[in-house]
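Single-structure report; data block below.
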């Protein structure tokens, strides 16, 4: 819309009004067209011909007569016939109409393409307002949505016509241009029309196009003035001088629509690098380490689309050996900035910063040219491979294990046997916790460090990332709520479950072990537990009897005076009834931690015990004394009897020699004669 | 020649009493082994035994099964008493206050004093009769033990049932009584009783009379002169004379007896070890 045209129109209208020769007043048209129900016909189809008078009045054409646009009605009788010609925008905007006619859109209209956009498809019809008006569909902030109506993924144009770019709208919205326009609301940020023009949209192959290779620089420099000075180092030198025809255009590097994701054509740089580095025998002059790069490694890696010079920064393309100006080793953090920061604060990063040879850098875990993502099964950082990766330093005897002065040993072996290790390694569940789930991948810190994910303060949160429901219970338990109220160290997950030997809670070993776990702090009460039936039976390896957690709860443990406790007056019976189905309120009076060693707390037990013990000691003293006194006499009797028997035998022998008849009848007064068993059973 | 198989034997115990004693040995040893396993659960021995019984759970079943056996033994004995009261004595008075009574009486006191004198070399060996005072003591120790241990044991077996009547802490008390009374019973039987009947030099190494029910007449005469004379006087001795058992039966009985003795001694050693070195 051009102001001089409007002025001209206004002047013309004024002249007509002054002359009083106006064929039709707008009001006359609106007499009929204000009716919302009014319909007309175009090409045999019934269409609404309603005109919103209010919108017309507020449009930029408010003072333009209807017939100026609908020129074929000039001087016609009212009501007029159907099948009007399209509004003649060109009668005023003739230069724009000419540009449009030559553009892709105009050509398509001429071709009869039903998808081709006409003036009103972008600008609207009766309600048309200026491009600077925020209400306008062609206002800068709305242009991407306007163009996107047809050029978004899935729209008929995008599907049925040959468009060389895809995801145009998405890419644009993520690009620095899109971000400036759509997120930051900078109306000076380029929209579609800034590069493609509004009306003269042409193919990039068309030399007249604003996006033709030859014109790109001009288009971009509309905004990016003096960009050449910034880019001089890239385009100067041999390429500039000897391969003029290969001079790069902006879009060679800055892909259209994705301008932030800088795209360096591999053919340009990497091929040059590989001229030397493809040689398997290539060695560094200093140190002699191999400098060979296997092209396959790179092309199958996560960084397949990243060029050499993006990581190996500091190259000078102008030199024959572009790499000779490289002074820094690869800094992954230049792209992976956040991860880099985490790493620098981690134990691994701190060691590296101290130039400690044991400190692992990115490549120790991630590899170099063959780097793969952690979701790639071949990657060393794929879940099932992580334990092996960490083990390479942390296995007993390896360098990290040698430095380590803490209490955890054989961690790899223990982990492998733990429920987590079995889940990961045996059941192949990649969601199971492995090293980095608890220790983090890049913020690895020793337990003592308050920022460490395995610092006691942070452990519940770390475990809670997977075991969320448990953490929720734990946070409400006495072990968590006492924080700040006691100076004693309170238990967190690993104090009961251990760090690397975590077992299932229904595992026999875990069940029997829990008493010693609780007993580390609750010493007295655990001792007295072992004085009761439950404790004694547990000690013999019986798991079905009540353990600490059966009565006190495990993660939701609360003091007995808390109404929510499993042992509160309201709940204790239910707790007993878990095992003792027929338990009554009186039953719950059983003293589960009773000891007979405490006369103050349990007098009746104490006195029962000592009463029984006195009885025992007394009986043994009397019985023992009796036995001791008896012994010499009994011994004497035995000796006398043995002597008598020996004498009797000797006498029998002498007698036997004298007369060989069987001598003896061991003489009770009455000889037995086949007595049956007289007793009654 | 304490057990001359060829000689004439005097029958001292009825077949029922012998059977009950054997059943009681089996039951008592099972109860002692499984019970002490629980009492001294903190010793390595206990864990070994629990494993031997196929885990603590089955050790518990053994304990309760043996307890039922013991209760049956007790009930049978009481029934037999009632029957014999009716058949042989006619009234409780005759049974309780008769010459063969199991209850302590003046004769026992005299014999006890006489025994002490004899031990100290100040008198002859008393002429013991049908039941000596230590035999009566053994009998009542067991009788009382069965009542006390049996009743508390039932409380521990069915705590839900008993706490309908008694407060919960009774179970704690019952535990102590059950356990300490059992310790007393086991300790007494495997030391004092074993000495009095089997290990004292006159009977060493084992008195088989409780299994066979019979002993050589000569031995009987020396051991219980009072009873012998009484029977001769009444002319009833002949009624009690029987043939000895053949050697094969005696061998089997000895094997059983030695096994029981060995187990008993091992339990005593274990208890001493647990009390002295691992007590808590």
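Protein chains in written order, with the numbering used here: chain C, 70 to 750; chain U, 1228 to 1507.
Built from N, CA and C at the ideal position, the CB exists for glycine as well.
So, does the CB of residue i fall closer than 8 Å to a CB anywhere in chain C?
{"i": "residue 1230 (chain U)", "result": "Its pLDDT being 45, under 50, residue 1230 (chain U) is placed unreliably in this model, and the value from its coordinates should be taken loosely. So, not an interface residue."}
{"i": "residue 1371 (chain U)", "result": "no"}
{"i": "residue 1506 (chain U)", "result": "no"}
{"i": "residue 1326 (chain U)", "result": "no"}
{"i": "residue 1271 (chain U)", "result": "no"}
{"i": "residue 1213 (chain U)", "result": "The structure shown does not extend to residue 1213 (chain U), since chain U spans only 1228 to 1507, so no value can be given for it."}
{"i": "residue 1345 (chain U)", "result": "yes"}
How about residue i: is its C-beta nearer than 8 Å to some C-beta of chain U?
{"i": "residue 707 (chain C)", "result": "yes"}
{"i": "residue 627 (chain C)", "result": "no"}
{"i": "residue 681 (chain C)", "result": "yes"}
{"i": "residue 602 (chain C)", "result": "yes"}
{"i": "residue 665 (chain C)", "result": "yes"}
{"i": "residue 655 (chain C)", "result": "yes"}
{"i": "residue 652 (chain C)", "result": "yes"}
{"i": "residue 677 (chain C)", "result": "yes"}
{"i": "residue 616 (chain C)", "result": "no"}
{"i": "residue 543 (chain C)", "result": "no"}
{"i": "residue 649 (chain C)", "result": "yes"}
{"i": "residue 658 (chain C)", "result": "yes"}
Quick one: which chain U residues come within Cβ less than 8 Å of residue i?
{"i": "residue 638 (chain C)", "result": "Simply none; closest approach about 14 Å."}
Can you name the start and end residues of the alpha helix (DSSP H) that residue i belongs to?
{"i": "residue 1199 (chain U)", "result": "A query on residue 1199 (chain U) cannot be resolved here, the shown segment of chain U reaching from 1228 to 1507 and no further."}
{"i": "residue 1237 (chain U)", "result": "Per DSSP, residue 1237 (chain U) belongs to no alpha helix (DSSP H); it is in the beta strand (DSSP E), 1236-1238."}
{"i": "residue 1262 (chain U)", "result": "1242-1266"}
{"i": "residue 607 (chain C)", "result": "602-608"}
{"i": "residue 1492 (chain U)", "result": "1474-1504"}
{"i": "residue 506 (chain C)", "result": "504-508"}
{"i": "residue 591 (chain C)", "result": "Neither: residue 591 (chain C) is in no alpha helix (DSSP H) and is coded neither H nor E."}
{"i": "residue 211 (chain C)", "result": "Note, residue 211 (chain C): premise wrong, no alpha helix (DSSP H); not H, not E."}
{"i": "residue 228 (chain C)", "result": "225-229"}
{"i": "residue 147 (chain C)", "result": "Taken as a continuous stretch (DSSP letters only), residue 147 (chain C) belongs to no alpha helix (DSSP H), as it is neither H nor E."}
{"i": "residue 256 (chain C)", "result": "No alpha helix (DSSP H) holds residue 256 (chain C); DSSP gives it neither H nor E."}
With DSSP collapsed to three states, give me the class of residue i.
{"i": "residue 626 (chain C)", "result": "coil"}
{"i": "residue 310 (chain C)", "result": "With a pLDDT of 44 at residue 310 (chain C), under the threshold of 50, the predicted position of this residue should be treated as unreliable, and no value is reported."}
{"i": "residue 92 (chain C)", "result": "Low confidence applies to residue 92 (chain C): its pLDDT is 48, below 50, so where it sits in the model is not reliable enough to give any reading."}
{"i": "residue 1331 (chain U)", "result": "coil"}
{"i": "residue 466 (chain C)", "result": "coil"}
{"i": "residue 651 (chain C)", "result": "coil"}
{"i": "residue 566 (chain C)", "result": "helix"}
{"i": "residue 1459 (chain U)", "result": "helix"}
{"i": "residue 279 (chain C)", "result": "coil"}
{"i": "residue 158 (chain C)", "result": "helix"}
{"i": "residue 683 (chain C)", "result": "helix"}
{"i": "residue 1468 (chain U)", "result": "strand"}
{"i": "residue 302 (chain C)", "result": "Per-residue confidence for residue 302 (chain C) stands at a pLDDT of 40, beneath the threshold of 50, marking its modelled position as unreliable; the derived number appears in the next sentence. The answer is helix: DSSP assigns residue 302 (chain C) an H, G or I state."}
{"i": "residue 403 (chain C)", "result": "helix"}
{"i": "residue 323 (chain C)", "result": "strand"}
{"i": "residue 332 (chain C)", "result": "Note that residue 332 (chain C) scores 46 on pLDDT, short of 50, meaning its location in the model is unreliable and no value can be drawn from it."}
{"i": "residue 274 (chain C)", "result": "coil"}
In terms of residues, what are the limits of the beta strand (DSSP E) holding residue i?
{"i": "residue 114 (chain C)", "result": "114-117"}
{"i": "residue 111 (chain C)", "result": "108-111"}
In chain C, what lies closer than 8 Å to residue i by C-beta?
{"i": "residue 1456 (chain U)", "result": "Correct list: empty, because the minimum Cβ distance to chain C is about 12 Å."}
Which whole-angstrom value is the C-beta distance of residue i and residue j, which I expect to be below 8 Å?
{"i": "residue 418 (chain C)", "j": "residue 397 (chain C)", "result": "With a Cβ gap of about 17 Å, residue 418 (chain C) and residue 397 (chain C) do not count as contacting."}
{"i": "residue 435 (chain C)", "j": "residue 450 (chain C)", "result": "6 Å"}
{"i": "residue 1402 (chain U)", "j": "residue 1495 (chain U)", "result": "Contact flag wrong, Cβ pair sits at about 22 Å."}
{"i": "residue 522 (chain C)", "j": "residue 414 (chain C)", "result": "Incorrect: roughly 12 Å between the Cβ atoms, too far for contact."}
{"i": "residue 138 (chain C)", "j": "residue 167 (chain C)", "result": "Actually they do not touch by this definition, with Cβ atoms about 18 Å apart."}
{"i": "residue 1434 (chain U)", "j": "residue 1420 (chain U)", "result": "With a Cβ gap of about 11 Å, residue 1434 (chain U) and residue 1420 (chain U) do not count as contacting."}
For residue i, return the contacting residues in chain U, with the cut-off set at a CB-CB distance below 9 Å.
{"i": "residue 509 (chain C)", "result": "Correct list: empty, because the minimum Cβ distance to chain U is about 43 Å."}
{"i": "residue 754 (chain C)", "result": "Chain C is shown only over 70 to 750; residue 754 (chain C) falls outside these bounds and no answer can be derived."}
{"i": "residue 579 (chain C)", "result": "Near residue 579 (chain C) there are no residues of chain U at all, since even the closest Cβ is about 18 Å away, more than 9 Å."}
{"i": "residue 688 (chain C)", "result": "1368, 1411, 1414, 1415, 1419"}
{"i": "residue 593 (chain C)", "result": "Within chain U, no residue comes near residue 593 (chain C); the closest Cβ sits about 13 Å away, beyond 9 Å."}
Which chain C residues are close to residue i, counting only those with a beta carbon under 7 Å from its beta carbon?
{"i": "residue 1335 (chain U)", "result": "The premise fails here: residue 1335 (chain U) is roughly 13 Å from chain C at the closest Cβ pair, so nothing lies under 7 Å."}
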